[in-house]
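Single-structure report; data block below.
Chains as they are written, first to last, in our numbering: chain E, 3 to 315; chain F, 3 to 315.
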């Protein structure tokens, strides 16, 4: 095995770049802006230039680098083709890996960003020492990645692990952004928590504060301070989340379930009721599967990208 | 690779045994009774004796046999340990593979029966030429197996692919046999179809025939002949099944979904409305995933067992 590997986590605003030893030590990291203009055509050349400049400046010989792992906010086929890159201006299918490889003369492997984050956590985060896990990221939406046998489960159409769009809540009437109704994301994202809040506060405000000025963090804080309404909102949110995780675990039976994203900062105030709901609904052999917080935060992506190169060799 | 391999599909009434060429040709098959008395202690010795007698009779040299694949109606750990074998009299954990290997002097690999059936279909049945599939068997209960990269997904506790016990129907009040409520199996097994029938026929009979004298096959037949009530029952059954498959596919994104078991004999009368419900609920990249009938019938288990030995070499 060579000595070094790069990870490039391509997001809607910035590209996070990481320089790793192949044993998992993060040696250096930096960011460049994601230039979405002109169909995002500069994004890959910008990444290539930045990595080449870094290698030159730091005197990294090309032959000591295994390659570059690249993740994107969109679906990626099993062959590594980017199928959808709407958030970064790309239209149609794009072979981003080949493009970056042509610029850098290094092998490049490409994956979906939520999948890469899950792989990063499995390599060097809360999933260390496991081979099979689910990581669910609770943000504006719900992202997720599934790792089986130490590798990303991509799926036939690059959409495996899309737990955010599993139809778990038939009682919902409103449409999800994906076009369906009843999606896990509709109740378990940050927006989903505010949807539950609106149900509990039909007046449109809690203790005089309008709902549109509140966010999940404030609801957790108020619940912790004894606000009954907020405690009910947290309880229902956790019950829905726990039930969803139970469905995923009944199908995948992972060694551990990791929770990341903004809402995960609520910590045990969230995880204790989530575990309770999970146990109530999961198929019993998986009742004791640990549900814990992811630990790499915003760096999970670059770790996962680096690991991607090593698992694909 | 050696020339031959055995498959032993251990069921509650009989053990099905198959003798295969390693290229997948089934050369011979027979059955022996499953003797469940005395904690099922004779089952493994009986299998061993039957296989040894066959090899002697047919002059099969030991060194031309890759090994024996064995499946059981219960959970099996990733290491091949039988965790639960209640239906066949076994109590506690049992290392059935080592026991059979000691008797036959051949390598033995052990798996859950629903998982083995899925692997059999992937090798030589409707899943041929794919590497990733879900197979759902609709019988008295609902069994299922998940194949990823041409291998069984067993899970951390041997319960991966237990789609029958995913909590998809929160509206149900009655408990499932597993102890939870709202399980997929509660509405999508043969018994589940009769539960739906009871909802549509509160009088307890359809056209004067008491529900307890009817079965899913007769309901499909009556629906095909224009019985409106039975058509409604089929429609609701198919809608629930399609929604469940959509959840599984949103998570696993397989190349194909196979339907086996008694109810699958209804064929396109079942599959057409199932596909419609599936498309309505699945995450869109997986909308066109084929949903087709499994093709190996009761032989799927022996095929899968034989394949198990070859994928584990």
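Even glycine gets a Cβ: it sits at the ideal position worked out from N, Cα and C. From a predicted model like this one, the values you see are computed outputs, not experimental measurements.
Problem - For residue 220 (chain F) and residue 227 (chain F), the rounded distance between their alpha carbons - result: Within the second chain, numbered from 1, the residue matching residue 227 (chain F) stands at position 225. Within the second chain, numbered from 1, the residue matching residue 220 (chain F) stands at position 218. Residue 227 (chain F) and residue 220 (chain F): Cα-Cα distance of roughly 11 Å.
Handout entry: For residue 272 (chain E), the nearest candidate out of E:85, E:281, E:261 (CA to CA)
Key = For the purposes of this step, residue 272 (chain E) is taken as residue 270 along the first chain, with counting starting at 1. The option with the nearest alpha carbon to residue 272 (chain E) is E:261.
Problem - Cβ contact (3+ pairs, closer than 8 Å) linking the segment 139–155 of chain E and the segment 18–34 of chain F - result: Result no; under three Cβ-Cβ pairs closer than 8 Å.
Practice task
Out of F:245, F:156, F:66, F:116, state which residue places its alpha-carbon closest to the alpha-carbon of residue 12 (chain F).
Solution key: Position 10 of the second chain, counted from the start, is the residue given in the question as residue 12 (chain F). With distances taken between Cα atoms, residue 12 (chain F) lies closest to F:116.
Handout entry: Span of the alpha helix (DSSP H), counted from its first residue to its last, around residue 313 (chain F)
Key = Residue mapping note: residue 313 (chain F) aligns to position 311 of the second chain, counting from 1. 302–313 is the span of the alpha helix (DSSP H), which, as asked, contains residue 313 (chain F).
Problem - Under 8 Å by beta carbon: chain E residues contacting residue 162 (chain F) - result: Translated into positions along the second chain, residue 162 (chain F) becomes position 160. What residue 162 (chain F) touches in chain E: 253, 254, 255.
Problem - Check whether residue 37 (chain E) and residue 44 (chain E) have beta carbons under 7 Å apart - result: One-based indexing of the first chain puts residue 37 (chain E) at position 35. One-based indexing of the first chain puts residue 44 (chain E) at position 42. Contact: yes.
Problem - Same chain, Cβ closer than 8 Å to residue 276 (chain F), neighbours up to 5 away in sequence not counted - result: Against the second chain, residue 276 (chain F) aligns to sequence position 274. Cβ neighbours of residue 276 (chain F) beyond the five flanking positions: 240, 243, 244, 247, 261, 293.
Handout entry: Residues bridged to residue 32 (chain E) (per DSSP)
Key = Reading the first chain from its first residue, position 30 is the one you call residue 32 (chain E). Residue 32 (chain E) pairs with E:19.
Handout entry: Spatially closest choice to residue 4 (chain F) from F:93, F:48, F:108, F:51, by CA coordinates
Key = Here residue 4 (chain F) corresponds to residue number 2 of the second chain, with the count starting at 1. Out of F:93, F:48, F:108, F:51, F:108 has the C-alpha closest to the C-alpha of residue 4 (chain F).
Handout entry: Cβ separation of residue 181 (chain E) and residue 286 (chain F), assumed to be a contact under 8 Å, to the nearest whole Å
Key = Taking the first residue of the first chain as position 1, residue 181 (chain E) is located at position 179. Taking the first residue of the second chain as position 1, residue 286 (chain F) is located at position 284. The C-beta separation of residue 181 (chain E) from residue 286 (chain F) comes to about 6 Å, placing the pair in contact by the 8 Å criterion.
Problem - Neighbour flag for residue 179 (chain F) against chain E, beta carbons, 7 Å - result: Taking the second chain and counting its residues from 1, one reaches residue 179 (chain F) at position 177. At a cut-off of 7 Å, the C-beta of residue 179 (chain F) has no neighbouring C-beta in chain E.
Practice task
Note down the Cα distance separating residue 291 (chain F) from residue 98 (chain E), rounded to an integer number of angstroms.
Solution key: Start at 1 with the first residue of the second chain, and residue 291 (chain F) comes out as number 289. Start at 1 with the first residue of the first chain, and residue 98 (chain E) comes out as number 96. So the two alpha carbons sit approximately 26 Å from each other.
Handout entry: Neighbouring residues, chain E, relative to residue 155 (chain F) (Cβ below 7 Å)
Key = By 1-based counting over the second chain, the position of residue 155 (chain F) is 153. 150, listed in chain order.
Exercise for the section: Please list the partners that residue 134 (chain F) has in chain E, where partner means a Cβ-to-Cβ separation under 8 Å. Expected result: Start at 1 with the first residue of the second chain, and residue 134 (chain F) comes out as number 132. Against chain E, the beta carbon of residue 134 (chain F) has neighbours under 8 Å at 157, 158, listed in chain order.
Handout entry: Cutoff 6 Å; reference residue 178 (chain E); Cβ partners in own chain excluding five residues on either side
Key = Translated into positions along the first chain, residue 178 (chain E) becomes position 176. Answer for residue 178 (chain E): 185, 188, listed in chain order.
Exercise for the section: Quickly, what does DSSP pair residue 193 (chain F) with across the bridge? List them, please. Expected result: As a first step, residue 193 (chain F) is located in the second chain; it is residue number 191 there, counting from the start. According to DSSP, residue 193 (chain F) shares a beta bridge with no other residue.
Practice task
With 7 Å as the threshold, decide whether the Cβ of residue 287 (chain E) is near any Cβ in chain F.
Solution key: For the purposes of this step, residue 287 (chain E) is identified with residue 285 of the first chain, where counting begins at 1. True, the Cβ-Cβ gap to chain F drops below 7 Å.
Problem - Neighbour list for residue 230 (chain E) in chain F, Cβ cutoff strictly below 7 Å - result: Stepping through the first chain from its first residue, residue 230 (chain E) is reached at position 228. Under the 7 Å cutoff, chain F gives no residues; its nearest Cβ is about 24 Å from residue 230 (chain E).
Practice task
Using three-state DSSP, classify residue 176 (chain E) as helix, strand or coil.
Solution key: Within the first chain, numbered from 1, the residue matching residue 176 (chain E) stands at position 174. In the three-state scheme derived from DSSP, where H, G and I count as helix and E and B as strand, residue 176 (chain E) is classed as coil.
Problem - Anticipated Cβ contact below 8 Å, residue 308 (chain F) with residue 82 (chain F), distance rounded - result: Mapped onto the second chain, residue 308 (chain F) falls at position 306. Mapped onto the second chain, residue 82 (chain F) falls at position 80. Contact flag wrong, Cβ pair sits at about 16 Å.
Practice task
At 3 residues or longer, and completely inside the segment 229–290 of chain E: list those beta strand (DSSP E) runs for me, N to C.
Solution key: Runs of the beta strand (DSSP E) inside the segment 229–290 of chain E: 258–262.
Problem - DSSP state of residue 60 (chain F) mapped onto helix, strand, coil - result: Locating residue 60 (chain F) in the second chain gives position 58, where the first residue counts as 1. In this structure, residue 60 (chain F) counts as coil in the three-state DSSP scheme.
Exercise for the section: Would you kindly work out how many angstroms separate the C-alpha atoms of residue 224 (chain F) and residue 269 (chain F), rounded to a whole number? Expected result: For this step, residue 224 (chain F) is matched to residue 222 along the second chain. For this step, residue 269 (chain F) is matched to residue 267 along the second chain. Taking the straight line from one Cα to the other gives about 15 Å.
Handout entry: Three CB pairs or more closer than 8 Å across the segment 121–135 of chain F and the segment 251–259 of chain F
Key = Yes, since at least three Cβ pairs between the segment 121–135 of chain F and the segment 251–259 of chain F fall closer than 8 Å, the two stretches touch.
Handout entry: Inter-residue spacing [alpha-carbon to alpha-carbon] between residue 126 (chain F) and residue 251 (chain F)
Key = For the purposes of this step, residue 126 (chain F) is taken as residue 124 along the second chain, with counting starting at 1. For the purposes of this step, residue 251 (chain F) is taken as residue 249 along the second chain, with counting starting at 1. A straight-line Cα-Cα distance of about 22 Å links residue 126 (chain F) and residue 251 (chain F).
Problem - Neighbour-count burial assignment, residue 96 (chain F), 16 or more Cβ in a 10 Å radius - result: Taking the first residue of the second chain as position 1, residue 96 (chain F) is located at position 94. With 16 or more other Cβ atoms within 10 Å, it is buried.
Handout entry: First through last residue of the beta strand (DSSP E) which encompasses residue 182 (chain E)
Key = By one-based count along the first chain, residue 182 (chain E) stands at place 180. Note, residue 182 (chain E): premise wrong, no beta strand (DSSP E); not H, not E.
Practice task
Starting from residue 309 (chain F), find everything on chain E with Cβ-Cβ shorter than 8 Å and list it in chain order.
Solution key: One-based indexing of the second chain puts residue 309 (chain F) at position 307. Listed along the chain, the chain E residues whose CB falls inside 8 Å of the CB of residue 309 (chain F) amount to none; the nearest CB is some 18 Å away.
Practice task
Grab the span of the alpha helix (DSSP H) containing residue 1 (chain F) for me, first residue to last.
Solution key: What is shown of chain F runs 3 to 315, which leaves residue 1 (chain F) out entirely.
Problem - Segments of 3+ residues assigned as beta strand (DSSP E) that fall wholly inside the segment 87–148 of chain F - result: Taking only runs of at least 3 residues, the beta strand (DSSP E) segments lying wholly in the segment 87–148 of chain F are 110–114, 135–140.
Exercise for the section: Please confirm whether residue 263 (chain F) and residue 141 (chain F) have their CB atoms less than 7 Å apart. Expected result: In the second chain, residue 263 (chain F) corresponds to position 261, counting from 1. In the second chain, residue 141 (chain F) corresponds to position 139, counting from 1. Yes; because the gap between Cβ atoms is below 7 Å, this pair is in contact.
Problem - Nonlocal neighbours in the same chain, by C-beta distance under 7 Å from residue 24 (chain F), ignoring five residues either side - result: One-based indexing of the second chain puts residue 24 (chain F) at position 22. The residues 3, 4, 5, 6, 7, 68, 312, in chain order, have a CB closer than 7 Å to that of residue 24 (chain F) in the same chain once the five nearest residues on each side in sequence are set aside.
Exercise for the section: Count the other C-beta atoms from every protein chain shown that fall within 10 angstroms of the C-beta of residue 300 (chain E), then say buried if there are 16 or more, exposed otherwise. Expected result: Position 298 of the first chain holds residue 300 (chain E). Flag for residue 300 (chain E) reads exposed.
Exercise for the section: Could you check if residue 65 (chain F) is buried or exposed, using at least 16 other CB atoms within 10 Å of its CB as the buried criterion? Expected result: As a first step, residue 65 (chain F) must be located in the second chain, where it is residue number 63. With fewer than 16 other CB atoms across the displayed protein chains lying within 10 angstroms of its CB, residue 65 (chain F) is exposed.
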